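Residues in the sequence shown are numbered consecutively from 231, following this note's numbering. Take a look at the structure set out below.
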Amino acid sequence: MERVRAFLKRKNIVISAKRYGVDALGAMAQGLFCTLLVGTILNTLGTQFHIGFLQATVLTVGSGDAATAYTVGGLASAMVGPAMAVAIGYALQAPPLVLFSLVTVGYATNILGGAGGPLAVLVIAVLAAECGKAVSKETKVDILVTPIVTVLVGIGLAYVIAPPIGKAASAVGQLIMWATELQPFFMGILVSVIVGVALTLPISSAAICAALSLTGLAGGAAVAGCCAQMVGFAVMSFRENRWGGLVSQGLGTSMLQMGNIVRNPKIWIPPTLAAAITGPIATCLFRMEMNGTPVSSGMGTCGLVGPIGVYTGWVNDVAEGLKTAVTGLDWLGLVLVCFVLPGVVTWLISIPFRRMGWIRENDLRLEE
231 MERVRAFLKR
241 KNIVISAKRY
251 GVDALGAMAQ
261 GLFCTLLVGT
271 ILNTLGTQFH
281 IGFLQATVLT
291 VGSGDAATAY
301 TVGGLASAMV
311 GPAMAVAIGY
321 ALQAPPLVLF
331 SLVTVGYATN
341 ILGGAGGPLA
351 VLVIAVLAAE
361 CGKAVSKETK
371 VDILVTPIVT
381 VLVGIGLAYV
391 IAPPIGKAAS
401 AVGQLIMWAT
411 ELQPFFMGIL
421 VSVIVGVALT
431 LPISSAAICA
441 ALSLTGLAGG
451 AAVAGCCAQM
461 VGFAVMSFRE
471 NRWGGLVSQG
481 LGTSMLQMGN
491 IVRNPKIWIP
501 PTLAAAITGP
511 IATCLFRMEM
521 NGTPVSSGMG
531 TCGLVGPIGV
541 YTGWVNDVAE
551 GLKTAVTGLD
561 WLGLVLVCFV
571 LPGVVTWLIS
581 IPFRRMGWIR
591 ENDLRLEE
């Protein structure tokens with residue numbers, strides 16, 4: 231056993247929840263953002279503002295009826311599998327030959343995983359990367375052995391287990407969405423609170439939503455929860471952090487408060503209660519759905535990705551005839567749920583917390 235431990239240490243193979251559930255998951259979300267999310271935003275900008283070069287076909291793959299035309303945004307979105315796998319390998323500190331081999335693994339896994347492709351990529355990229363790291367620089371023909379092992383292990387696992395993983399993730403996502411349609415009030419609270427909490431924790435709410443393909447009413451509740459955390463913390467801590475803190479948390483991430491939460495968990499109550507309020511308002515009152523890319527459901531106001539995802543969903547629904555037009559009520563719901571209510575509700579709840587001493591001076595101050 232000691233020899234195994236020594237080998238794993240030498241190969242920098244750390245089997246831990248942090249390495250796989252925090253580092254790898256967070257990196258995967260960045261890969262998603264740089265490809266699928268950016269591609270969706272570029273396509274939306276091109277369509278809505280009639281930007282020629284964003285609408286133009288830059289590449290056609292195949293011929294005849296099987297031909298697929300790609301715009302700039304389409305190409306970015308198509309590379310989501312490789313980007314996720316390479317990002318995961320980077321988080322696992324994989325050597326170059328392993329890292330580059332994960333391009334193939336990610337592409338194959340994401341396709342084979344279907345709607346649950348991101349979760350399949352997370353599992354299989356981790357296994358392929360660790361196997362590649364295990365054999366890296368162990369032979370004199372490392373340039374052949376390491377890529378071959380990484381690719382064969384990755385694609386072999388993808389062929390066998392990616393479809394079941396994808397179907398399982400998709401089934402869980404469908405169950406959540408079905409339950410939200412059936413019980414929009416209670417599920418609105420549950421989804422909003424859980425996804426919002428995940429956003430503030432050092433894990434990736436975006437990757438979770440992408441892995442579960444969380445859209446529809448459930449996606450709208452997830453957006454509400456994430457916005458409640460980000461806007462809520464930004465407004466609640468304005469006294470301590472002023473405009474810099476408002477921007478860094480409101481458009482960046484509420485994860486910046488994680489150190490303060492560890493020191494005083496009570497500061498997490500106001501934005502979480504706000505999420506419990508805005509979630510059912512989104513699902514029951516405004517019927518706010520997130521029918522853009524699933525990863526947008528877990529982004530909140532980070533770069534305004536959550537609201538942009540909701541808007542993209544509207545555009546897609548109108549184009550497909552599922553929605554006649556974007557109404558004033560749609561816009562009112564988006565503004566209230568994503569921006570106004572999270573800030574107002576969190577701030578109001580925080581007032582008695584400060585008076586009772588549950589939130590003390592500088593408890594919400596961000597480190598310079």
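In this text, a Cβ means the ideal position worked out from N, Cα and C, and glycines have one as well. Values in this document were obtained by computation on a predicted structure and should not be read as measured data.
Measure the beta-carbon distance from residue i to residue j and round it to whole angstroms, keeping in mind my assumption that it falls under 8 Å.
{"i": "G449", "j": "P510", "result": "Not really, about 15 Å apart at Cβ, beyond 8 Å."}
{"i": "V545", "j": "M518", "result": "Wrong, their Cβ atoms sit about 15 Å apart, outside the cutoff."}
{"i": "L272", "j": "L284", "result": "6 Å"}
{"i": "S307", "j": "C439", "result": "So it is not a contact: roughly 16 Å between Cβ atoms."}
{"i": "F415", "j": "C568", "result": "F415 to C568, Cβ: 19 Å. No contact."}
{"i": "I385", "j": "T301", "result": "With 8 Å as the limit, I385 and T301 do not qualify as a contact, their Cβ atoms being about 29 Å apart."}
{"i": "L332", "j": "A358", "result": "6 Å"}
{"i": "S434", "j": "M309", "result": "Not quite, the Cβ-Cβ distance comes to about 19 Å (not below 8 Å), so this is no contact."}
{"i": "M407", "j": "L352", "result": "That pair is no contact at about 21 Å."}
{"i": "V525", "j": "A436", "result": "5 Å"}
{"i": "A454", "j": "A505", "result": "7 Å"}
{"i": "S422", "j": "A451", "result": "5 Å"}
{"i": "I391", "j": "G346", "result": "Not a contact, Cβ separation roughly 11 Å."}
{"i": "I470", "j": "R585", "result": "The question names Ile, but residue 470 is Glu in the sequence shown. That pair is no contact at about 16 Å."}
{"i": "G343", "j": "P393", "result": "7 Å"}
{"i": "T380", "j": "C361", "result": "7 Å"}
{"i": "T531", "j": "L267", "result": "Their Cβ separation, rounded to whole angstroms, is 14 Å, which puts T531 and L267 out of contact at 8 Å."}
Can you tell me where the alpha helix (DSSP H) holding residue i begins and where it ends?
{"i": "P432", "result": "Careful: P432 lies outside any alpha helix (DSSP H) and carries neither H nor E."}
{"i": "L272", "result": "V268 to Q278"}
{"i": "C457", "result": "G446 to M466"}
{"i": "V381", "result": "D372 to L412"}
{"i": "Q225", "result": "Given a span of 231 to 598 for the chain in the structure shown, any question on residue 225 remains unanswerable."}
{"i": "L238", "result": "E232 to R240"}
{"i": "G489", "result": "M488 to R493"}
{"i": "L503", "result": "I499 to P510"}
Exposed or buried, residue i, counting other C-beta atoms within 10 Å across all chains shown (16 or more means buried)?
{"i": "G292", "result": "exposed"}
{"i": "Q487", "result": "buried"}
{"i": "L349", "result": "buried"}
{"i": "Y389", "result": "exposed"}
{"i": "F279", "result": "exposed"}
{"i": "G558", "result": "exposed"}
{"i": "V234", "result": "exposed"}
{"i": "E597", "result": "exposed"}
{"i": "F237", "result": "exposed"}
{"i": "L420", "result": "buried"}
{"i": "N494", "result": "exposed"}
{"i": "K363", "result": "buried"}
{"i": "P432", "result": "exposed"}
{"i": "P537", "result": "buried"}
{"i": "T298", "result": "exposed"}
{"i": "T542", "result": "buried"}
{"i": "M231", "result": "exposed"}
{"i": "I507", "result": "buried"}
{"i": "G282", "result": "exposed"}
{"i": "L412", "result": "exposed"}
{"i": "V288", "result": "exposed"}
{"i": "L327", "result": "buried"}
{"i": "G563", "result": "buried"}
{"i": "G303", "result": "buried"}
{"i": "L329", "result": "buried"}
Should residue i be counted as a contact of the ligand ATP given a C-beta to heavy atom distance under 7 Å?
{"i": "F279", "result": "Of the ligands one can find in the structure shown there are none, so the ligand ATP has no counterpart to examine."}
Would residue i pass as an interface residue toward chain B - the criterion being a Cβ-Cβ separation below 8 Å?
{"i": "A324", "result": "Absent here is chain B; the protein component of the structure consists of one chain."}
| query | Of all the beta strand (DSSP E) runs that stay within the bounds of the region 285-349, which reach a length of 3 or more residues? | reply | 289-291 and 298-300
| request: Determine, using beta-carbon pairs with one atom in the region 370-390 and one in the region 415-433, whether at least three such pairs fall under 8 Å. | output: no
| Below 8 Å, can you find three or more Cβ-Cβ pairs linking the region 473-481 to the region 436-451? | no
| field | Complete alpha helix (DSSP H) runs within the region 548-588 (minimum length 4 residues, chain order) | value | 558-565 and 571-585
| request: Would you check if there are 3 or more beta carbon pairs closer than 8 Å linking the region 315-335 to the region 240-256? | output: yes
| query | Does the region 573-580 come close enough to the region 487-501 to have 3 or more Cβ pairs within less than 8 Å? | reply | yes
| request: Quick one: which unbroken alpha helix (DSSP H) runs of 4-plus residues sit fully inside the region 519-553? Chain order, please. | output: 535-549
| On the three-pair Cβ rule with 8 Å, is the region 456-476 touching the region 549-556? | no
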